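Peer 1:
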Amino acid sequence: NSTMSMSKVIKEKVAGSLYGLLVGDAVAVPGHWYYLPSKLRADYGEITGMVAPKKHHPESMVQGMSYSGTVNILHDKAHLYSGHNLKKDSNAASMTKEEEAERRDDHGNYVGKKESERIHYHQSLEKGQNTANACIARLAMRYIGSANSGCEDRYHPEEYLDCLYNYMTSTPPKDSAKIKDQLVAHNDTYLDVYLRGFFTKASEGKALRDCAMSQRDVWSIGSIDGVAMCVPIIAAYSYEPEWYIIGRAIEHAHLTHKSVTVTAVISVLAPLLRELYHTPTLATSEDTAEALRGALDRAMSKMSPPKVTGRELRDSYVNSNGPGGIPKPAKWKQHMDLDTTVTTKELVHKMIDDDMNDEDVAGWSERPESRLSTACYCEHTFTVALYLAYKYAGDPTAALLRNVMIGGHSTSRGAVLGSILGAAYGSGGIPFKEDLAAEESIGKEIADLVSTIT
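In the working numbering, the protein residues as written are 19 to 472.
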């Protein structure tokens with residue numbers, strides 16, 4: 019009957035959304051956080067599929083980062099988090115201005131390493147493996163598949179946080195087969211600030227439910243990462259009314275990201291995905307693309323774009339010797355001020371109608387007037403994901419690959435983009451699934467989650 023057939027459609031599209039989430043992340047791993055597309059092309063050429071990351075990354079900030087917690091989440095990667103600081107660098111006094119500049123990144127941060135000495139954010143991953151963030155999304159999929167088995171809602175945030183704690187503190191196995199599927203541990207090199215901050219608070223004895231960092235205190239908590247990790251929640255409760263799905267996803271996001279902008283994006287993404295899940299399968303890819311663009315238009319009509327441009331954001335960072343040099347009220351204003359004279363729909367349509375180069379639409383420093391930033395911040399990067407989904411609505415492969423080649427925070431941006439494309443096309447429309455390193459395990463995780471949907 020029609021109810022049963024529609025249920026099959028929803029489950030197929032949920033599966034597509036979850037595959038898209040993980041493919042969008044994995045295919046972007048090599049180019050993650052290349053803010054200069056010219057350097058990305060110099061190292062990899064034009065990326066056309068899954069590629070293993072190199073050991074070196076000329077723009078990496080990893081060696082300038084640190085972790086002060088006592089809960090061991092870095093394991094065999096701890097020595098890489100040296101936390102270089104200009105004031106503490108014993109060589110600082112003898113450095114020339116040129117030598118100091120060589121040790122700063124394109125944000126103006128002091129990394130302490132020249133470009134040739136910097137390691138890739140994901141140098142420990144193999145072709146087709148996922149970042150730590152996507153592995154945490156997979157953890158949520160496994161948790162839901164188990165907790166909600168039999169189509170009973172047993173999700174509990176504190177149980178999930180216990181799973182997160184156990185996963186992050188598990189020592190990466192030495193057996194290469196067990197590392198490959200990332201079930202025991204993620205084996206990634208880079209851990210975002212929200213994770214390092216979360217486990218610093220856990221090290222102080224705080225209850226896990228009280229360990230999330232706030233965007234009010236750390237601006238980068240307003241990252242698209244917090245959105246990507248909520249896609250399994252949106253997918254699992256896709257049968258519920260829109261307002262309840264939003265509520266569930268926000269509850270989950272706040273476990274790790276207390277953020278205005280993450281919450282704002284969820285309020286748009288959850289209805290968008292739900293609409294696509296519930297759209298009947300269409301006869302042709304052209305019809306699917308048209309339906310996707312219609313859903314995107316309705317989503318983007320609810321939004322206004324950020325006032326600050328991508329290039330302005332970058333220049334403010336460099337002029338302040340890094341974002342930490344910008345006074346907190348001004349930094350907050352950068353993320354909160356919107357251009358309310360135009361909707362995001364109107365901006366995206368204009369950029370496409372004007373035939374803007376994708377790197378002029380979203381960039382960092384190589385283009386004089388990039389409208390949006392390729393950094394992690396939700397107000398920019400979600401807009402970029404919607405632009406790519408709209409422009410390349412008829413070609414999911416092109417959309418995912420263009421996401422890689424414009425650089426910046428391409429992994430979680432690609433995950434969100436992939437989840438939208440998969441929700442429109444189903445799993446059959448997502449490329450590169452067979453190149454996922456944990457393809458078999460991921461297939462089971464998705465099937466188990468889908469089986470919980472009534």
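Here a beta-carbon is modelled for each residue, glycine too, at the ideal position from N, C-alpha and C.
Bear in mind that the values here come from a model prediction, so they are computed numbers and not experimental data.
#1: Using 8 angstroms for Cβ pairs, my map puts H50 next to T429. What's the rounded Cβ distance?
#2: If we call anything under 7 angstroms between Cβ atoms a contact, is A403 one with L356?
#3: Three or more beta-carbon pairs under 8 angstroms between the stretch 159-171 and the stretch 231-245, yes or no?
#4: Terminal residues of the continuous alpha helix (DSSP H) containing E364?
#5: Under a three-way DSSP split, which group does G130 fall into?
#6: Using a beta-carbon distance below 7 angstroms, is D210 in contact with chain D?
#7: Thinking just about the alpha-carbon of each residue, which of Y183, S391 and M318 is nearest to the one in I424?
#8: Give me the Cα-Cα distance between N19 and C248, rounded to the nearest whole angstrom.
#9: Out of curiosity, what's the CA-to-CA distance linking K115 and Y85?
#10: When you compare each of H204, K192 and K196 to Y185 by their alpha carbons, which one comes out closest?
#11: Could you give the DSSP three-state label for G63: helix, strand or coil?
#12: What separation, rounded to the nearest whole angstrom, lies between the Cα atoms of L454 and A46?
#13: Assign A246 to buried or exposed, taking buried as 16 or more other Cβ atoms, counted over all protein chains shown, within 10 Å of its Cβ.
#14: Answer yes or no: do L467 and G163 have a C-beta to C-beta separation smaller than 7 angstroms?
#15: Taking the straight line between their C-alpha atoms, what separation do you get for P341 and T472?
#16: Which residues in the same chain have their Cβ closer than 7 angstroms to the Cβ of E120, if we skip the five residues on either side of it in sequence?
#17: Output the boundary residues of the alpha helix (DSSP H) element that contains I438.
#18: Is the separation between the beta-carbon of Y212 and that of H275 shorter than 7 angstroms?
Peer 2: If we stick to the structure as given:
#1: For a cut-off of 8 angstroms, the C-beta gap from H50 to T429 is around 5 angstroms, short enough to register as a contact.
#2: Going by C-beta atoms, A403 is not nearer than 7 angstroms to L356.
#3: no
#4: T362 to D371
#5: Three-state DSSP puts G130 in coil, outside helix and strand.
#6: Protein chain content of the structure displayed is limited to a single chain, and chain D is not contained in it.
#7: S391
#8: With a pLDDT of 49 at N19, under the threshold of 50, the modelled position of this residue cannot be trusted, and the question is left open.
#9: Near 28 angstroms, if we compare the C-alpha coordinates of Y85 and K115.
#10: H204
#11: If DSSP states are grouped into helix, strand and coil, G63 belongs with coil.
#12: 12 angstroms
#13: buried
#14: It is a contact, given that the beta carbons lie within the stated cut-off.
#15: Taking C-alpha positions only, P341 is separated from T472 by approximately 46 angstroms.
#16: Hits under 7 angstroms: K132.
#17: S428 to Y443
#18: Remark: C-beta atoms of Y212 and H275 approach each other more closely than 7 angstroms.
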